[in-house]
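Read through the structure below, which is laid out as structure tokens, and then see the notes.
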Amino acid sequence: MALPYDRQYNFSAGPGCIPVPVLEQARDEMLNHGGDGMSVMEMSHRGKAYLKIAEEAEESVRTLMGVPPEYKVLFLQGGASLQFTMLAMNFLRGKTADYVVTGSWGEKAIATAKYEGAANLLWSGKAGGYTEAPDLGGLSRTAGASYLHVTTNETIQGVDYLEDPKVSGTVICDMSSCIASRPFDVTRYEMLYAGAQKNLGPSGACLVLLHEDMLERAAEGLPPMLDYKVQVENGWMYNTPPCYSVYVIGLVCKHWTAFGGLGAVEKMNREKAKVLYDAIDGSGGFYTPHAVTKNRSLMNIPFRLPSDDLTDKFLSSAKAERMHELKGHRSVGGCRASVYNAFPLEGCHALAQFMADFAAKNG
Ligand SMILES: *Cc1c(COP(=O)(O)O)cnc(C)c1O
Numbered sequence: 014m015a016l017p018y019d020r021q022y023n024f025s026a027g028p029g030c031i032p033v034p035v036l037e038q039a040r041d042e043m044l045n046h047g048g049d050g051m052s053v054m055e056m057s058h059r060g061k062a063y064l065k066i067a068e069e070a071e072e073s074v075r076t077l078m079g080v081p082p083e084y085k086v087l088f089l090q091g092g093a094s095l096q097f098t099m100l101a102m103n104f105l106r107g108k109t110a111d112y113v114v115t116g117s118w119g120e121k122a123i124a125t126a127k128y129e130g131a132a133n134l135l136w137s138g139k140a141g142g143y144t145e146a147p148d149l150g151g152l153s154r155t156a157g158a159s160y161l162h163v164t165t166n167e168t169i170q171g172v173d174y175l176e177d178p179k180v181s182g183t184v185i186c187d188m189s190s191c192i193a194s195r196p197f198d199v200t201r202y203e204m205l206y207a208g209a210q211k212n213l214g215p216s217g218a219c220l221v222l223l224h225e226d227m228l229e230r231a232a233e234g235l236p237p238m239l240d241y242k243v244q245v246e247n248g249w250m251y252n253t254p255p256c257y258s259v260y261v262i263g264l265v266c267k268h269w270t271a272f273g274g275l276g277a278v279e280k281m282n283r284e285k286a287k288v289l290y291d292a293i294d295g296s297g298g299f300y301t302p303h304a305v306t307k308n309r310s311l312m313n314i315p316f317r318l319p320s321d322d323l324t325d326k327f328l329s330s331a332k333a334e335r336m337h338e339l340k341g342h343r344s345v346g347g348c349r350a351s352v353y354n355a356f357p358l359e360g361c362h363a364l365a366q367f368m369a370d371f372a373a374k375n376g
């Protein structure tokens with residue numbers, strides 16, 4: 014069964030799939046964007062045409078995610094990984110902060126923050142192999158800590174809180190792999206950030222939502238590129254921004270708003286994830302999930318087979334069926350199906366069927 018444009022089912026954890034209508038629009042506008050006479054890639058970021066695109070992209074993020082006016086929208090470079098450093102430079106220097114680590118990305122976030130200040134490991138799921146997320150309300154936080162850092166969805170382990178943190182104080186959140194996959198309450202966070210390449214568009218831009226009050230708390234004397242105040246004062250154009258990525262992010266956000274908004278997106282994602290978790294749970298133990306049931310990610314679904322040999326055979330047979338990038342991260346092993354917003358439901362059905370057939374032949 015061929016997909017449009019002879020595309021593959023793309024289970025990549027990132028960069029991940031982008032909605033086909035967005036790719037088609039980007040293609041149609043490639044040589045001459047909206048009568049501007051050039052590609053978005055060729056425009057001056059200070060020119061009228063691009064400033065309109067930038068403003069629309071910001072607006073479409075605000076509309077889709079319900080971002081209140083007191084939050085700044087920034088598109089920065091360096092990915093979510095540079096935010097690990099930047100947020101610590103701005104808000105941790107000479108201070109203490111709490112980190113809850115539910116997987117590999119949280120581990121990197123705290124390790125990076127330690128260059129800047131006393132990053133305290135408040136909770137870690139490492140001993141248990143990162144299979145669950147704690148109840149944040151039940152943790153006793155460090156007095157005077159500048160912020161609490163959490164990773165909503167751990168992309169490698171497929172561990173997700175599945176709800177906004179209901180805790181007091183400043184919460185900073187890495188939402189890279191589940192942003193816009195379901196409704197969320199921006200006001201629960203003082204800052205959240207997400208590398209675009211999982212659910213929002215191409216790599217190269219990291220979306221940052223920052224409460225304006227945080228600017229007063231930022232350290233002084235930082236290098237300009239790493240200073241949120243400078244980035245805000247310059248409308249994230251202190252230097253040349255990731256122009257094309259921002260344009261596509263705008264299109265992607267408009268696409269999901271037209272689809273029905275994040276409530277409709279969540280409904281679709283729950284249906285997709287259920288197809289795959291049912292395939293795992295219904296396999297009589299042939300496939301085993303990684304995360305505990307209450308923290309199962311809707312976006313990244315790692316699972317294991319009975320042996321490495323069977324895993325290799327599974328991956329090569331899946332590839333022959335045009336199912337791409339199902340290999341699990343090397344730190345977890347096994348397989349992982351990433352089914353971001355733009356991944357089609359049919360692809361989940363196709364994989365579930367393939368899994369059942371493979372288990373029947375090899376179980
Ligand atoms: C992918 C990912 C990152 C790293 O993103 P980059 O943009 O490559 O720096 C950080 N955190 C999470 C949760 C991720 O999924």
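The opening position of the sequence shown corresponds to residue 14 in our numbering, with each subsequent residue numbered one higher. Glycine included, each C-beta is placed from N, C-alpha and C at the ideal position. The model shown is predicted, which means the values in this text are computed figures rather than measured ones.
CB of residue i to nearest heavy atom of ligand 1: below 7 Å?
| i | result |
| --- | --- |
| residue 190 | yes |
| residue 93 | yes |
| residue 141 | no |
| residue 164 | yes |
| residue 211 | yes |
| residue 273 | no |
| residue 208 | yes |
| residue 173 | no |
| residue 98 | no |
| residue 219 | yes |
| residue 115 | no |
| residue 125 | no |
| residue 240 | no |
| residue 27 | yes |
| residue 269 | no |
| residue 187 | yes |
| residue 168 | yes |
| residue 9 | Within the shown structure, residues of the chain are numbered from 14 to 376, placing residue 9 beyond reach of any answer. |
| residue 136 | no |
Count the other C-beta atoms from every protein chain shown that fall within 10 angstroms of the C-beta of residue i, then say buried if there are 16 or more, exposed otherwise.
| i | result |
| --- | --- |
| residue 261 | buried |
| residue 128 | exposed |
| residue 255 | buried |
| residue 17 | exposed |
| residue 170 | buried |
| residue 343 | exposed |
| residue 351 | buried |
| residue 173 | buried |
| residue 2 | In the structure as shown, the chain begins at 14 and stops at 376. Residue 2 is therefore absent and cannot be evaluated. |
| residue 210 | buried |
| residue 284 | exposed |
| residue 68 | exposed |
| residue 60 | exposed |
| residue 70 | buried |
| residue 124 | exposed |
| residue 159 | buried |
Below 8 Å on the Cβ atoms is my guess for residue i versus residue j; work out the distance and round it to an integer in Å.
| i | j | result |
| --- | --- | --- |
| residue 113 | residue 161 | 7 Å |
| residue 155 | residue 191 | About 26 Å separates the two Cβ atoms, so there is no contact after all. |
| residue 358 | residue 238 | No, residue 358 and residue 238 are not in contact; Cβ-Cβ is about 41 Å, not under 8 Å. |
| residue 318 | residue 290 | Contact doesn't hold; Cβ gap of about 16 Å is too wide. |
| residue 315 | residue 347 | 6 Å |
| residue 279 | residue 196 | 6 Å |
| residue 313 | residue 26 | 6 Å |
| residue 206 | residue 96 | 5 Å |
| residue 349 | residue 360 | Going by Cβ atoms, the distance from residue 349 to residue 360 rounds to 14 Å, so no, they are not a contact pair. |
| residue 22 | residue 363 | 6 Å |
| residue 130 | residue 110 | 7 Å |
| residue 43 | residue 52 | 6 Å |
| residue 116 | residue 143 | 5 Å |
I need the boundaries of the beta strand (DSSP E) containing residue i, first residue and last residue.
| i | result |
| --- | --- |
| residue 199 | Where residue 199 is concerned, there is no enclosing beta strand (DSSP E), given that its DSSP letter is neither H nor E. |
| residue 308 | Note, residue 308: premise wrong, no beta strand (DSSP E); not H, not E. |
| residue 213 | Note, residue 213: premise wrong, no beta strand (DSSP E); not H, not E. |
| residue 114 | 109-114 |
| residue 137 | 131-137 |
| residue 164 | 161-164 |
| residue 235 | First-last for residue 235: undefined, no H or E at that position. |
| residue 85 | 84-89 |
| residue 223 | 219-224 |
| residue 185 | 184-187 |
Note the first and the last residue of the continuous alpha helix (DSSP H) segment covering residue i.
| i | result |
| --- | --- |
| residue 257 | 256-272 |
| residue 118 | 117-126 |
| residue 362 | 358-375 |
| residue 293 | 275-294 |
| residue 349 | Here residue 349 belongs to no alpha helix (DSSP H); instead the beta strand (DSSP E) covers 348-351. |
| residue 78 | 61-78 |
| residue 106 | Looking at the DSSP string, residue 106 is not in any alpha helix (DSSP H), and its letter there is neither H nor E. |
CB of residue i to nearest heavy atom of ligand 2: below 7 Å?
| i | result |
| --- | --- |
| residue 64 | This structure does not include ligand 2; its bound ligands are ligand 1. |
Give a yes or no on whether the minimum CB-CB distance between residue i and chain B is below 8 Å.
| i | result |
| --- | --- |
| residue 220 | Among the chains of the structure shown, chain B does not appear; only one protein chain is present. |
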